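The structure appears right after this line, and notes come after that.
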Ligand SMILES: Cc1cc2nc3c(=O)[nH]c(=O)nc-3n(C[C@H](O)[C@H](O)[C@H](O)COP(=O)(O)OP(=O)(O)OC[C@H]3O[C@@H](n4cnc5c(N)ncnc54)[C@H](O)[C@@H]3O)c2cc1C
Ligand code: HEM
Ligand code: SF4
Ligand code: F3S
Ligand code: FES
């Protein structure tokens with residue numbers, strides 16, 4: 312008789328407690344962002360489709376997108392798409408064209424680099440979106456508040 | 000130095016049918032192996048603690064364990080490297096039978112499934128060795144080092160989740176033959192690994208490479224296998 | 522000196538899918554990034570309404586772009602989901618059932634999206 | 006519940022010898038392999054340097070030279086018919102291993118690479134010769150893997166993690182074994198026509214050893230307990246280069262590649278002890294030299310160790326002084342890179358356990374208990390013998406380190422053990438199958454597990470409070486001090502006393518684990534019993550030999566005495582009584598002469 316455990320329990324335990332290095336967390340983040348983007352994409356396809364099927368509903372839908380929680384979610388989505396893309400590129404390129412780069416030091420660096428690149432690509436967009444959020448939902452115009460603003 | 004050691008215990012026979020931890024404070028040298036500490040506790044304090052070991056220097060593959068959350072060989076993990084708070088658990092994803100002892104059968108079954116033996120019945124007429132250049136030999140040198148300790152396979156998130164995945168160790172061993180210029184069954188092995196549960200289940204999580212005590216480039220080996228499949232084979 | 526040997530492997534579904542994941546992923550970098558940046562950052566949800574969509578969907582270039590995005594992104598995502606499903610479900614029969622359900626879901630959603638793209642928006646029907 | 010299985014051939018041990026025997030036996034007979042470890046965990050996997058065979062791939066070499074070197078290395082105690090057979094078979098088995106898939110390192114022309122090893126020479130020039138066929142520094146690992154792989158290919162039947170505790174005999178014929186299945190704690194009886202022991206050595210008797218935890222002399226102890234003799238137990242090899250305090254082996258291959266031994270004064274002291282081959286003298290000679298240096302206060306900082314130096318600049322300096330050349334005649338030179346590729350595991354051991362990089366710093370080393378030349382006496386066919394007259398025990402075979410053929414005599418040459426495993430493993434496998442095919446199953450005794458149960462129950466039910474580790478510790482230190490590299494009559498006498506005392510105390514061993522499943526506590530206790538039996542037999546055999554020969558070096562009798570002691574020791578253990586007898590050495594071509602390197 313073996314200790315009671317199931318693959319699911321092992322998986323959850325492993326995801327949560329295995330002290331992996333960079334690659335482990337990159338895997339988890341890639342998966343999480345992939346699923347997140349997919350969830351959004353599915354909703355997005357369906358809501359956009361209303362422009363043809365139930366045009367009246369579309370305004371409702373877009374109204375939802377303008378709600379604060381949704382807009383914050385979109386900022387997250389932007390990060391997810393970017394991180395997943397950069398990291399996916401790392402995986403695809405290493406796996407298919409330069410397998411020799413699957414070496415410990417190189418990958419630890421590469422994984423960190425993906426995160427840095429993703430954050431760099433995300434920040435400007437995130438700031439613009441944050442500005443829009445504050446402007447439209449709270450009437451706060453960040454630019455106007457800057458000393459050299461308009 | 001004083002070491003605080005937490006050891007995973009499970010033994011239904013002795014009524015410990017819910018996994019739990021025993022803790023010990025013991026004196027140790029920084030250069031002691033975690034295996035030495037386990038031996039010490041087994042010898043002096045509690046003989047019921049069970050784990051496998053044999054060579055004590057990292058070449059037999061008996062004592063892969065999860066030490067402070069990550070797979071290591073207890074005989075290659077020195078106190079100075081893992082710190083003085085040490086948690087020892089069995090490797091993850093294989094059924095735990097008693098304490099650190101897990102059922103290795105599924106692991107060896109995966110190994111056996113990839114035809115881990117040279118296929119080539121032709122031998123030179125003079126009965127001597129088949130020739131192989133140093134470069135050809137070098138091509139698969141890395142993967143000949145595997146000691147089947149299962150540290151890689153049981154660190155792999157895909158393996159934890161999916162016991163039908165052959166796992167990195169089996170692929171390392173497949174690689175050892177696929178890229179051996181003397182072997183003639185590369186296509187069969189590649190076919191096996193092209194299927195469900197094969198190379199394409201690998202999500203490049205890289206835990207395997209980080210865990211391998213023999214410093215084999217496990218993920219690289221798997222990538223080479225994948226590429227051999229997608230490009231239709233290997234050239235020597 | 523040495524017998525050269527080249528193994529031959531028939532591409533299986535898993536291999537094709539694996540390659541698809543990689544190539545579609547790379548393709549999705551321009552497609553998805555530009556889409557999201559354009560709509561969420563440059564235009565912004567507050568500027569988007571059905572008329573905006575209608576204008577976009579009247580442009581063949583944008584329609585093709587959206588078709589590509591829909592086709593690749595959703596297929597890529599759904600196959601990814603199937604991988605995740607395989608990690609959670611191990612019974613062969615359940616896997617098969619779920620795979621089929623996912624296949625249907627993929628086809629239906631793609632069809633809905635594609636219809637909308639092909640037919641365009643109908644702002645005139647807004648009540 | 007005891008389960009009974011029937012297989013024509015039962016092989017105990019899945020190391021190099023056991024697996025080779027299994028490959029051959031299973032060709033014609035129903036064969037099962039029992040092993041207390043998973044086969045790939047066997048200690049053969051730890052062997053580093055290489056397997057000896059006169060392939061002459063890079064420079065002239067001859068089977069006869071290999072034979073002579075082995076005879077000389079054995080200090081003339083090896084049986085020359087067996088040695089000739091082994092050395093003649095060597096090229097064939099090495100090619101066979103290559104055909105099975107063993108990934109040997111290669112020469113530029115694609116042939117198997119060879120390196121130098123202690124005691125292997127060109128008999129004409131007296132210089133070290135390239136004879137050790139290697140796969141980097143994991144030759145044993147590759148042999149073990151390759152043989153196991155071929156067993157899988159040939160569908161050999163394995164019982165993994167079955168610990169054999171007894172040999173069954175009926176009317177002097179071996180007819181099976183009793184084993185405990187580790188996973189369940191159940192006893193299993195294996196009824197067989199042929200039983201092959203290939204259980205490896207017993208270096209765990211000594212404090213500092215290169216041997217695995219599993220090297221507890223089970224095979225020798227089991228046969229001793231069944232009234233069969235052991236041969237030449239006093240000859241136990243101390244390898245000169247074990248990592249300080251840990252005993253982990255640094256292969257002789259390091260010296261083969263040009264590494265040298267240095268004392269505390271920075272001298273290359275082997276020049277004084279073996280002027281011709283220097284650092285590549287045979288192991289007994291080098292180990293003794295290190296001890297003598299240490300005794301003279303020439304250890305590093307006066308301590309009990311010396312340095313093994315393989316920094317490229319040092320290797321190159323001494324290679325130049327020695328005038329060492331490559332086969333093409335150009336001077337021998339190495340880079341750190343090349344050394345790393347030739348002995349990667351050694352570099353890894355040093356980095357892991359010593360925290361030093363041997364390419365940049367010398368390695369602190371001391372002699373470590375390494376290899377049992379003695380064991381279950383067999384003839385050239387691996388058939389076990391029951392007396393000094395060579396009477397065969399029907400149905401019983403032995404091969405590998407547990408056996409004593411004897412090809413290693415008083416001192417084994419490096420690379421000859423791996424060779425011994427494959428040559429005699431193969432032979433034992435073949436003969437075991439032949440025997441099985443030409444005989445019937447001898448009926449089992451009524452209660453075949455009684456003897457085993459009794460041994461286990463005594464441990465399980467004991468409340469004496471004596472701990473395994475305490476008894477083991479005392480045995481190891483005593484044996485290290487008094488039955489180690491140098492021996493004296495008084496020291497050995499006191500060791501005998503001590504072993505007797507410890508065997509008494511062993512009766513009071515009590516353990517914590519009373520369960521069935523993976524009761525490693527119980528098995529550790531049982532293994533200690535084996536070690537004590539073999540230790541006692543070893544000490545008595547050694548005490549009785551008043552000469553110095555090979556690994557048996559006596560301070561009170563520093564010379565070899567061929568007139569009276571050119572003979573093998575046979576040792577029986579009957580309860581506490583040890584009985585000795587002697588058997589002549591087979592000498593064919595090479596008359597004993599003085600041994601200089
Ligand atoms: C570190 C090191 C380096 C070495 N390097 C070299 C070298 O370079 N060249 C060379 O020629 N030699 C070398 N040797 C020596 C050589 O490796 C060994 O002598 C040889 O491998 C022994 O092989 P074996 O098959 O007899 O035993 P092993 O390989 O040890 O196998 C013993 C088997 O018996 C099983 N067993 C034991 N007891 C029981 C039991 N009671 N019940 C069931 N199963 C049991 C074990 O599970 C194991 O499978 C080296 C040895 C060491 C320790
Ligand atoms: C932006 C460019 C993208 C790139 C470069 C990319 C790349 C990749 C790659 C290479 C994989 C395979 C990972 C592996 O096999 O280990 C993958 C998986 C995945 N992708 Fe993408 N992808 C992108 C966009 C998307 C989008 C838009 C979605 C959502 C619809 C998505 C959803 C997923 C999912 C769910 C997985 C599976 C994750 C897993 O198995 O852990 N990806 N992606
Ligand atoms: S690849 Fe490395 S980690 Fe995996 S089994 Fe082999 S030696 Fe162990
Ligand atoms: S951890 Fe697993 S996912 Fe691949 S890279 Fe290693 S096998
Ligand atoms: S005990 Fe052999 S690998 Fe650790």
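Residue numbers (my numbering), protein chains in the order written: chain L, 312 to 461; chain Z, 0 to 235; chain E, 522 to 648; chain V, 6 to 602.
Backbone N, C-alpha and C define an ideal beta-carbon position, used for all residues, glycine too.
Predicted model, so just to flag it, every value in this text is computed and none were measured.
- Item | Three-way DSSP call (helix, strand, coil) for residue 535 of chain V in this model | Within the fourth chain, numbered from 1, the residue matching residue 535 of chain V stands at position 530. Three-state result, residue 535 of chain V: helix.
- Message: Just to check my reading of the structure: residue 401 of chain V and residue 200 of chain V have Cβ atoms closer than 8 angstroms, yes? What is that Cβ distance to the nearest angstrom?
- Response: Along the fourth chain, one-based indexing puts residue 401 of chain V at 396. Along the fourth chain, one-based indexing puts residue 200 of chain V at 195. Between residue 401 of chain V and residue 200 of chain V a beta carbon distance of about 6 angstroms is seen, short of the 8 angstroms cut, so the two are scored as contacting.
- Secondary structure of residue 575 of chain V, DSSP reduced to three states: Along the fourth chain, read from residue 1 onward, the residue named residue 575 of chain V stands at position 570. Collapsing the DSSP output to three states places residue 575 of chain V in a strand.
- Below 9 angstroms between beta carbons: does that hold for residue 89 of chain V and residue 135 of chain V? What you label residue 89 of chain V is simply residue 84 of the fourth chain in a count that begins at 1. What you label residue 135 of chain V is simply residue 130 of the fourth chain in a count that begins at 1. Contact flag unset, no.
- Query: Can you name, in chain order, every residue of its own chain whose Cβ lies under 7 angstroms from the Cβ of residue 523 of chain E, other than the five neighbours on each side?
  - Reply: Your numbering for residue 523 of chain E matches position 2 in the third chain. Low local confidence applies: a pLDDT of 41 at residue 523 of chain E is under 50, so the model's placement there is unreliable, with the coordinate-based value given in what follows. There are no such residues.
- Task: Select from L:397, L:419, L:334 and L:381 the residue whose C-alpha is nearest the C-alpha of residue 428 of chain L.
- Result: Residue mapping note: residue 428 of chain L aligns to position 117 of the first chain, counting from 1. Closest by C-alpha distance to residue 428 of chain L, out of L:397, L:419, L:334 and L:381, is L:397.
- Of the residues V:98, V:129 and V:198, the one placed nearest residue 10 of chain V, counting alpha carbons only: By 1-based counting over the fourth chain, the position of residue 10 of chain V is 5. The shortest C-alpha to C-alpha distance from residue 10 of chain V to any of V:98, V:129 and V:198 is the one to V:198.
- Task: Measure from the C-beta of residue 532 of chain E to each C-beta in chain Z and report whether the shortest distance is under 9 angstroms.
- Result: Within the third chain, numbered from 1, the residue matching residue 532 of chain E stands at position 11. Closer than 9 angstroms: yes.
- Task: Assuming residue 39 of chain V contacts residue 15 of chain V (C-beta within less than 8 angstroms), just tell me the rounded distance between them.
- Result: As a working mapping, residue 39 of chain V is identified with position 34 in the fourth chain. As a working mapping, residue 15 of chain V is identified with position 10 in the fourth chain. Your pair residue 39 of chain V and residue 15 of chain V checks out as a contact, with CB atoms roughly 7 angstroms apart and the cut at 8 angstroms.
- Query: Checking contacts by CB at 9 angstroms: is residue 611 of chain E closer than that to chain Z?
  - Reply: Taking the first residue of the third chain as position 1, residue 611 of chain E is located at position 90. Interface residue, yes.
- Of the listed residues E:566, E:546, E:630 and E:578, nearest to residue 643 of chain E (C-alpha basis): On the third chain, position 122 is the one that residue 643 of chain E refers to. Among E:566, E:546, E:630 and E:578, the Cα nearest to that of residue 643 of chain E is on E:578.
- Item | Simplified DSSP state of residue 23 of chain V, which is helix, strand or coil | Counted from its first residue, the fourth chain places residue 23 of chain V at position 18. In the structure shown, residue 23 of chain V adopts helical secondary structure according to DSSP, grouped into three states.
- Item | 8 angstroms contact criterion, which residue 637 of chain E and residue 364 of chain L should meet: CB distance rounded | In the third chain, counting from the first residue as 1, residue 637 of chain E sits at position 116. In the first chain, counting from the first residue as 1, residue 364 of chain L sits at position 53. With a Cβ gap of about 7 angstroms, residue 637 of chain E and residue 364 of chain L count as contacting.
- Taking residue 589 of chain E as the reference, which of E:550, E:571, E:601 and E:572 has the closest Cα? For the purposes of this step, residue 589 of chain E is taken as residue 68 along the third chain, with counting starting at 1. If we check each option's Cα against that of residue 589 of chain E, E:550 comes out closest.
- Since residue 342 of chain V is in the alpha helix (DSSP H), which residue starts that stretch and which ends it? The residue you call residue 342 of chain V lines up with position 337 of the fourth chain. Segment 341 to 347, the alpha helix (DSSP H) holding residue 342 of chain V.
- Query: residue 617 of chain E: buried (16+ other C-beta within 10 angstroms of its C-beta) or exposed?
  - Reply: Numbered from its first residue, the third chain carries residue 617 of chain E at position 96. The residue is exposed, with fewer than 16 neighbouring Cβ atoms inside 10 Å.
- Identify, in the order they occur along the chain, each residue of the same chain with its Cβ nearer than 8 angstroms to the Cβ of residue 582 of chain E, setting aside the five sequence neighbours on each side. Here residue 582 of chain E refers to the residue found at position 61 of the third chain. For residue 582 of chain E, where only same-chain residues beyond five positions count, there are no Cβ hits under 8 angstroms.
- Task: Pull up the distance between the alpha-carbon of residue 154 of chain V and that of residue 116 of chain Z, whole angstroms please.
- Result: The sequence position of residue 154 of chain V within the fourth chain is 149, counting from 1. The sequence position of residue 116 of chain Z within the second chain is 117, counting from 1. Computed Cα separation, rounded: 5 angstroms.
- Message: Just list the residues that DSSP pairs residue 10 of chain V with in beta bridges.
- Response: Against the fourth chain, residue 10 of chain V aligns to sequence position 5. DSSP lists V:195 as partners of residue 10 of chain V.
- Message: Quick check: the segment 313 to 323 of chain V against the segment 100 to 109 of chain V, are at least 3 beta-carbon pairs closer than 8 angstroms?
- Response: No: fewer than three Cβ pairs fall under 8 angstroms.
- With burial defined as no fewer than 16 other Cβ atoms inside 10 Å of the residue's Cβ, what is the status of residue 525 of chain E: buried or exposed? The residue you call residue 525 of chain E lines up with position 4 of the third chain. Low confidence applies to residue 525 of chain E: its pLDDT is 45, below 50, so where it sits in the model is not reliable enough to give any reading.
- Using 9 angstroms as the limit for Cβ to Cβ distance, is residue 200 of chain Z near chain E? Your numbering for residue 200 of chain Z matches position 201 in the second chain. Closer than 9 angstroms: yes.
- Item | Supposed contact pair residue 323 of chain V and residue 263 of chain V - C-beta distance, whole angstroms, cut 8 angstroms | One-based indexing of the fourth chain puts residue 263 of chain V at position 258. One-based indexing of the fourth chain puts residue 323 of chain V at position 318. Sure, about 7 angstroms apart at Cβ, within 8 angstroms.
- Is any beta-carbon of chain L found at less than 9 angstroms from that of residue 223 of chain Z? Counting from 1 along the second chain, the entry for residue 223 of chain Z is found at position 224. With 9 angstroms as the cut-off, residue 223 of chain Z counts as an interface residue toward chain L.
- Rounded to whole angstroms, what's the CA-CA distance from residue 328 of chain V to residue 416 of chain V? Just pull it up for me. The sequence position of residue 328 of chain V within the fourth chain is 323, counting from 1. The sequence position of residue 416 of chain V within the fourth chain is 411, counting from 1. Residue 416 of chain V has its alpha-carbon roughly 29 angstroms from the corresponding atom of residue 328 of chain V.
- Residue(s) in a DSSP beta bridge with residue 86 of chain Z: To locate residue 86 of chain Z, count along the second chain from 1; it is residue 87. Note: residue 86 of chain Z is bridge-paired with Z:5 in the DSSP secondary-structure output.
- How many whole angstroms separate the CB atoms of residue 557 of chain E and residue 392 of chain L, which I take to be in contact at a CB cut-off of 8 angstroms? Along the third chain, one-based indexing puts residue 557 of chain E at 36. Along the first chain, one-based indexing puts residue 392 of chain L at 81. Contact flag correct, Cβ pair sits at about 5 angstroms.
- Message: Short of 7 angstroms in beta carbon distance, which residues of its chain neighbour residue 249 of chain Z, apart from the five on each side in sequence? Order them along the chain.
- Response: A query on residue 249 of chain Z cannot be resolved here, the shown segment of chain Z reaching from 0 to 235 and no further.
- Task: Rounded to whole angstroms, what's the CA-CA distance from residue 384 of chain V to residue 272 of chain V? Just pull it up for me.
- Result: For the purposes of this step, residue 384 of chain V is taken as residue 379 along the fourth chain, with counting starting at 1. For the purposes of this step, residue 272 of chain V is taken as residue 267 along the fourth chain, with counting starting at 1. Between the alpha carbons of residue 384 of chain V and residue 272 of chain V lies a distance of about 44 angstroms.
- Task: Determine, using beta carbons only, whether residue 554 of chain E comes closer than 9 angstroms to chain L.
- Result: Position 33 of the third chain holds residue 554 of chain E. Interface residue, yes.
- Kindly indicate which residue of L:410, L:437 and L:439 has the alpha-carbon position closest to the one of residue 221 of chain Z. Numbered from its first residue, the second chain carries residue 221 of chain Z at position 222. Closest option to residue 221 of chain Z, judged by alpha-carbon separation, among L:410, L:437 and L:439: L:410.
- Message: Tell me whether residue 47 of chain V, by its Cβ, gets closer than 8 angstroms to a heavy atom of ligand 1.
- Response: For this step, residue 47 of chain V is matched to residue 42 along the fourth chain. At least one heavy atom of ligand 1 falls within 8 angstroms of the beta-carbon of residue 47 of chain V.
- Grouping DSSP H, G and I as helix and E and B as strand, with all else coil, what is residue 114 of chain Z? In the second chain, the residue the question calls residue 114 of chain Z occupies position 115. In the structure shown, residue 114 of chain Z sits in coil (DSSP, three-state: anything other than H, G, I, E or B).
- Those residues which DSSP pairs with residue 117 of chain V across a bridge: Sequence index remark: in the fourth chain, residue 117 of chain V carries index 112 (1-based). Paired residue(s): V:111.
- Do three or more CB pairs link the segment 19 to 39 of chain Z to the segment 75 to 82 of chain Z at distances below 8 angstroms? Between the segment 19 to 39 of chain Z and the segment 75 to 82 of chain Z, the count of C-beta pairs closer than 8 angstroms reaches three or more; the two stretches touch.
- Which of helix, strand or coil does DSSP assign to residue 608 of chain E? One-based indexing of the third chain puts residue 608 of chain E at position 87. Residue 608 of chain E falls in the helix class under three-state DSSP.
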